[in-house]
Amino acid sequence: DAGVIQSPRHEVTEMGQEVTLRCKPISGHDYLFWYRQTMMRGLELLIYFNNNVPIDDSGMPEDRFSAKMPNASFSTLKIQPSEPRDSAVYFCASSFRLWSYEQYFGPGTRLTVT
Amino acid sequence: QKEVEQDPGPLSVPEGAIVSLNCTYSNSAFQYFMWYRQYSRKGPELLMYTYSSGNKEDGRFTAQVDKSSKYISLFIRDSQPSDSATYLCALRATSYDKVIFGPGTSLSVIP
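Sequences listed follow chains R and Z, in order. Counting from 1, one number per residue, gives the positions in the first sequence under the working numbering. Counting from 1, one number per residue, gives the positions in the second sequence under the working numbering.
Right, dumping it as C-alpha cells:
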C-alpha cells in the first residue's frame, strides 16, 4: 500500500480564494482524520470520519471550513474563503480503529494564504 | 496552563549522546501515552506507546511515564544523525477520547 496520499503537497493562494485539499486513506481503514499543524498551536484535530460519516467536527475552526468523504477512498477539506491565518500544514490520517495507536499520517499539504 | 507542554528546543547533541525528551500535562485522566517522530516535511509516525505508569523499552528508545508527577519522558541511547526530527508526545484519557498532541521538541544529532 502506498500509505495515505494527500494532494496538493503545496498550495499558495490569495486571501478570499477557495482552497480544496484532498486525501486518499489507506485501503481498509474505517477512520479518517484531518489535522492542522502550526508553530503556535501544534497539531490540532479538525474533524474525523467513520465509514465516510463525519463523527466529530468540533475542531473545525469556523464555517469557512468544510469536509466531505463521498466514499471510502477519498476525502476533501475545503476552505472558502481562505484567510492568511489559515496558513498551516494540513495532515490527513487514517486508522483501522478509533484512536488506534496505529494512526497513519499522510505527508501533509503546506498551505500559504497571502 | 496548556493541556500538554514540551520544550520546543531546538535541542542539539553530538552523535552517540543520550537524549532525554520530556512532556508535562495537566489532566490526570490521561492513561495512554504515545511518542511520535516527525521528520522535516513529513507526517508524524508512531514511535512508542505506553499505558499507565512505568517504563517501556524498544531498542535504543525508552519511554517512561510518571503519572503522579504528570510527566513523561523519551530517552534515546546512542543517538544517531537519523534521529534528527521533531518528537511529539501524545496523550488520551480513554480509548474513546481523541488524542491530544504536544507542540513537539526539535532534535538535531550532529555527526
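The C-beta atom is built at its ideal place from N, Cα and C for all residues, glycine as well. Bear in mind the structure is a predicted one, so any value in this text is a computation, not a measurement.
Span of the beta strand (DSSP E) around residue i
{"i": "R:Leu-77", "result": "74–79"}
{"i": "Z:Ser-20", "result": "19–25"}
{"i": "R:Ile-26", "result": "Premise fails: R:Ile-26 is in no beta strand (DSSP E) and is neither H nor E."}
{"i": "R:Thr-109", "result": "109–113"}
{"i": "Z:Ala-113", "result": "Missing from the structure shown is residue 113 of chain Z; chain Z here goes from 1 to 111 and no further."}
{"i": "Z:Lys-70", "result": "Run containing Z:Lys-70: none; DSSP gives neither H nor E here."}
{"i": "R:Leu-98", "result": "Run containing R:Leu-98: none; DSSP gives neither H nor E here."}
{"i": "R:Gly-42", "result": "42–50"}
{"i": "Z:Pro-14", "result": "11–14"}
{"i": "R:Val-12", "result": "10–13"}
{"i": "R:Gln-17", "result": "Unbroken run through R:Gln-17: none, as it is neither H nor E."}
{"i": "R:Pro-54", "result": "53–56"}
{"i": "Z:Val-109", "result": "105–110"}
Interface residues of chain R facing residue i [CB-CB closer than 9 Å]
{"i": "Z:Leu-88", "result": "Gly-42 and Leu-43"}
{"i": "Z:Phe-101", "result": "Tyr-35, Gln-37, Gly-42, Leu-43, Glu-44 and Leu-45"}
{"i": "Z:Gly-54", "result": "Chain R residues near Z:Gly-54: none, gap ~16 Å exceeds 9 Å."}
{"i": "Z:Gly-9", "result": "Going along chain R, no residue has its Cβ under 9 Å from Z:Gly-9, so there is no contact; the nearest lies around 12 Å."}
Cutoff 8 Å; reference residue i; Cβ partners in own chain excluding five residues on either side
{"i": "R:Glu-102", "result": "Ser-95 and Phe-96"}
{"i": "Z:Pro-8", "result": "Pro-103, Gly-104, Thr-105 and Ser-106"}
{"i": "R:Glu-18", "result": "Lys-78, Ile-79, Gln-80, Pro-81 and Ser-82"}
{"i": "R:Thr-114", "result": "Val-12, Thr-13, Glu-14, Met-15 and Pro-84"}
Residue i: contacting residues in chain Z (beta-carbon distance under 8 Å)
{"i": "R:Leu-98", "result": "Ser-95 and Tyr-96"}
{"i": "R:Glu-102", "result": "Leu-46"}
{"i": "R:Gly-108", "result": "Arg-41, Lys-42 and Gly-43"}
Close-in-space but distant-in-sequence residues of the same chain around residue i (CB under 7 Å, 5 per side omitted)
{"i": "R:Thr-20", "result": "Thr-76 and Lys-78"}
{"i": "Z:Leu-47", "result": "Trp-35, Tyr-36, Arg-37 and Phe-61"}
{"i": "Z:Gly-54", "result": "Val-65"}
{"i": "R:Asp-30", "result": "Asn-50, Asn-51 and Phe-96"}
{"i": "Z:Thr-24", "result": "Glu-5, Lys-70 and Tyr-71"}
{"i": "Z:Ala-85", "result": "Arg-37, Gln-38, Tyr-39 and Leu-107"}
{"i": "R:Glu-44", "result": "Tyr-35, Arg-36 and Gly-59"}
{"i": "R:Arg-64", "result": "Ile-79, Gln-80 and Pro-81"}
Alpha-carbon spacing of residue i relative to residue j, whole angstroms
{"i": "Z:Val-99", "j": "R:Gln-80", "result": "27 Å"}
{"i": "R:Gly-106", "j": "R:Gly-28", "result": "16 Å"}
{"i": "Z:Asp-58", "j": "Z:Tyr-32", "result": "17 Å"}
{"i": "Z:Lys-67", "j": "Z:Phe-75", "result": "17 Å"}
{"i": "Z:Pro-103", "j": "R:Gln-6", "result": "23 Å"}
{"i": "R:Tyr-48", "j": "R:Gly-59", "result": "9 Å"}
{"i": "R:Ile-55", "j": "R:Met-69", "result": "11 Å"}
{"i": "R:Ala-72", "j": "R:Pro-25", "result": "8 Å"}
{"i": "Z:Leu-91", "j": "Z:Tyr-51", "result": "10 Å"}
{"i": "Z:Tyr-87", "j": "R:Glu-11", "result": "26 Å"}
{"i": "Z:Glu-45", "j": "R:Phe-91", "result": "12 Å"}
{"i": "Z:Arg-77", "j": "Z:Leu-21", "result": "12 Å"}
Proximal residues of chain R, C-beta to C-beta of residue i below 8 Å
{"i": "Z:Pro-44", "result": "Leu-43, Phe-91 and Phe-105"}
Sheet register partners of residue i (DSSP bridge)
{"i": "Z:Arg-37", "result": "Z:Glu-45 and Z:Tyr-87"}
{"i": "R:Ala-67", "result": "R:Leu-77"}
{"i": "Z:Ile-76", "result": "Z:Val-19 and Z:Phe-61"}
{"i": "Z:Glu-5", "result": "Z:Thr-24"}
{"i": "Z:Gly-54", "result": "Z:Val-65"}
Beta-carbon contacts of residue i that lie in its chain and below 6 Å, excluding the five residues immediately before and after
{"i": "Z:Ala-29", "result": "Ala-93"}
{"i": "R:Val-89", "result": "Gln-37, Gly-108 and Arg-110"}
{"i": "Z:Tyr-49", "result": "Met-34"}
Interface residues of chain R facing residue i [CB-CB closer than 7 Å]
{"i": "Z:Gly-16", "result": "Neighbours of Z:Gly-16 on chain R: none; closest Cβ ~30 Å, over 7 Å."}
{"i": "Z:Gly-59", "result": "Correct list: empty, because the minimum Cβ distance to chain R is about 17 Å."}
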